[in-house]
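Read through the structure below, which is laid out as structure tokens, and then see the notes.
And the structure:
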């Protein structure tokens, strides 16, 4: 059984739950009103992380390992919410649940520069699938690692925000774009 790290931390946009497997990010769950809410979402998706561990800020599951990497990821996400730009492109994210096209879409999405947006249609064209804007939107809705895979930078044609499935919905998407000073 792999060793998983769960970290929850508070930001200006609410509590964030973060799950890592070694140096791979499995889940970023932002914008919860309470730490307990963030932990409950993570626990529903990764039940092993919560076994007897509610109420603690950091947990190690199935073994002891160096926590420096997990702490550095959490610190970078906190700094992002504090207005420090970070593209997070050097961080590995789990995309094993996606189709090959979904992985291409996520890879291309990660290339959208901080402070800029791209439409669903532009992202579809960038992966060689012009006309597949709706499919791109569906992949964005599957994103388990928002912020790190910056689906908030993907907007509808004409600049409308489109959708956002993280807690806080479109208000959070708008806030993230404001943090990045992106035009929307």
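In this note's numbering, the protein residues as written are 5 to 188.
All C-beta atoms in this analysis are idealised placements derived from N, C-alpha and C, irrespective of residue type, glycine included.
These numbers were taken from a predicted model, which means no experiment stands behind them.
TODO: For residue 92, collect the residues of the same chain with a Cβ closer than 6 Å to its Cβ; drop the 5 residues on either side in sequence, then sort them by chain order.
DONE: 152
Open item on the list: Helix, strand or coil for residue 182? Go by DSSP, reduced to three states.
Closed with: helix
Open item on the list: Let me confirm a value: residue 164 is counted as buried when at least 16 other C-beta atoms fall within 10 Å, else exposed. Which label applies?
Closed with: exposed
Open item on the list: So, at 6 Å on beta carbons, what are the nonlocal neighbours of residue 140 in its own chain, with the 5 sequence-adjacent residues on each side left out?
Closed with: 109, 124, 127, 128
Task: Bridge-paired residues (DSSP) for residue 21 - done: 12, 33
Task: Residue closest to residue 136, alpha-carbon to alpha-carbon, out of 120, 148, 160, 121 - done: 160
- [ ] Would you decide whether residue 113 is buried or exposed? Buried here means 16 or more other CB atoms lie within 10 Å of its CB.
- [x] buried
Task: Sub-8 Å separation of residue 46 and residue 31 beta-carbons - done: yes
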